[in-house]
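Peer 1: Mapping the sequence shown onto the working numbering, position 18 (from 1) lands on 353, and the numbers just tick up by one.
Sharing a structure with you now.
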Amino acid sequence: MKSSRHIISLLKRQSEFLQLGIFAEINLFKSAFLTPHLNKQLSFIYFKNQTLFFVAKHPAFCQEFDYTRKGIIQTLRIYPDKFPNLSTLKDAKTFLSRNTQFSRPQETMLLHHQKIQTFKERSEGEFTNYCTDPELYEIFEHIRTNIKKLS
């Protein structure tokens, strides 16, 4: 009697269920070769026209992927027994998912969450006003009266 694992492996080899085999290879590749950091940054991976497409959640992953792309292709080509469908790939590409929304802090939100810092007035309003300009003299006198109100 054949086990269910054996039956599924036979089905994966048939041309009608080729996508099922490719899906299993992609899952094996994700779990065995991708770091947890890279796994978190991916929405999903798919294989089409001898190209492996990585769909990213963040634009920074697309830049980081450029450094690891050649290593991924070489890794899949080294192990044709583990990845019979993916070992024939010619290129690997990445792009950003349309459904990804980034939370960018807005200025109003930042101002709302910050506490307004206040200080106790230490001056008693006793100072000599040496200003000769009448406008500045009045401004300093206004400051003096406000300080005396707070004290």
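Every residue, glycine too, gets a C-beta built ideally from N, C-alpha and C.
My guess is that SER486 and GLU456 are in contact by the Cβ rule of under 8 Å, so how many angstroms apart are they, rounded?
Peer 2: Contact holds; Cβ gap of about 7 Å.
Peer 1: Excluding five sequence neighbours on each side, which residues of the same chain lie with their C-beta closer than 8 Å to the C-beta of LEU346?
Peer 2: PHE352 and LEU355
Peer 1: Pop quiz: ALA391 and LEU377 are said to be a contact at Cβ under 8 Å. What is the actual Cβ separation, rounded to whole angstroms?
Peer 2: About 6 Å; that satisfies the 8 Å criterion.
Peer 1: Distance check for HIS341 and PRO371, CA to CA, integer angstroms please.
Peer 2: 30 Å
Peer 1: In this structure, how does DSSP classify PHE388 when only helix, strand and coil are distinguished?
Peer 2: Of the three classes helix, strand and coil, the one that applies to PHE388 here is strand, per DSSP.
Peer 1: With 16 as the cutoff for other CB atoms within 10 Å, does LEU306 come out buried or exposed?
Peer 2: This structure does not reach residue 306, given that the chain is present from 336 up to 486, and the question cannot be answered.
Peer 1: When the Cα of THR429 is compared with those of PHE400, ILE413 and THR467, which residue comes out closest?
Peer 2: PHE400
Peer 1: With DSSP collapsed to three states, give me the class of ASN338.
Peer 2: It should be pointed out that residue 338 corresponds to Ser in this sequence rather than to Asn. SER338 falls in the coil class under three-state DSSP.
Peer 1: Starting from LYS383, trace the beta strand (DSSP E) in both directions and tell me its first and last residue.
Peer 2: 377-383
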